[in-house]
Structure formats: structure tokens, C-alpha cells
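Q: Per this note's numbering, the sequence shown starts with residue 13, numbered consecutively.
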Amino acid sequence: SGQHKEPLAIKTDAPPSVVWDVVRHWIQKHPIHSKLDEGSAGFKILGNAIGVTNMDGSRGKGFVRTKGAKRFPENPEKNWGPKPRATGKRKTEEEEEATEMI
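Spelled out as C-alpha cells, the structure:
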């Protein structure tokens, strides 16, 4: 994605309604100092009720952190990975026949 280098970017597969619920919850915990105009988009977005109820930061029951799990697995074999690109010319049929005769 275009945001992989941004340190403040958040990547998620959550639906937009859940993302907006998180924003509304954050605004409730950290209120803004200026008042929003009643016709503004921010007033309408923040005026909606929060649909997600579990916003305490817990990971839920299904999350299990494995101890000793590595972030990046080891290479499967020695010299694994991209190989150097081919160099040199291809031999013509005449050159191949000449090398076979020798």
C-alpha cells in the first residue's frame, strides 16, 4: 500500500463503521476544545452513537501470544532467496557443435 512508510498510518481490515466508532470513542476520552458547527461533517460524524462496545484495548478471548515465536522465520536452506541474474551470451548452435566435437 501507499501508506507502508508512514509511521502514523494504521492498516486494518475493519469496516469503516468500526473505524469511525474507534474515532468517536477516542474523542470521548480526549475531548476537543473547540466547538463544532452544527452543519459540519465532524458534528454529524461524532453525533452518531458508538456501535462497538468492547473498546478497552483487550485483544479478546481468541488471541494467544506464542512465547519464543520469531517475527521472521529462518531461511529454509543455505543460500536461499533470489539468485544472481544471468550473465554472458547464449551460445549459438555452431559454437555448441564446436565444443561438442572437442
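Every residue gets a Cβ at the ideal spot worked out from N, C-alpha and C, and that includes glycine.
Can you tell me the Cβ-Cβ gap for D33 and G63, rounded? I've got them flagged as a contact below 8 angstroms.
A: Confirmed, Cβ separation roughly 5 angstroms.
Q: Going by beta carbon distance, what residues of the same chain come within less than 8 angstroms of D49, once the five residues before and after it are set aside?
A: F55
Q: Please list, in chain order, all residues of the same chain as R36 whose beta carbon is under 8 angstroms from its beta carbon, the five residues on each side excluded.
A: I57, L58, N60, I62
Q: Can you give me the C-alpha to C-alpha distance between W38 and G80, rounded to a whole angstrom?
A: 33 angstroms
Q: Please report how far the alpha carbon of W3 lies from the alpha carbon of T99, in whole angstroms.
A: Outside the shown range of the chain, which is 13 to 114, sits residue 3, and nothing can be said about it.
Q: Going by CA-CA distance only, name the one from K41, T65, T104 that's closest to S29.
A: When only C-alpha atoms are compared, the closest one is T65.
Q: State the Cα-Cα distance for the pair Q40 and K17, rounded to the nearest angstrom.
A: 29 angstroms
Q: So, helix, strand or coil for H45, using DSSP?
A: Residue state for H45 is assigned as coil, using DSSP reduced to three classes.
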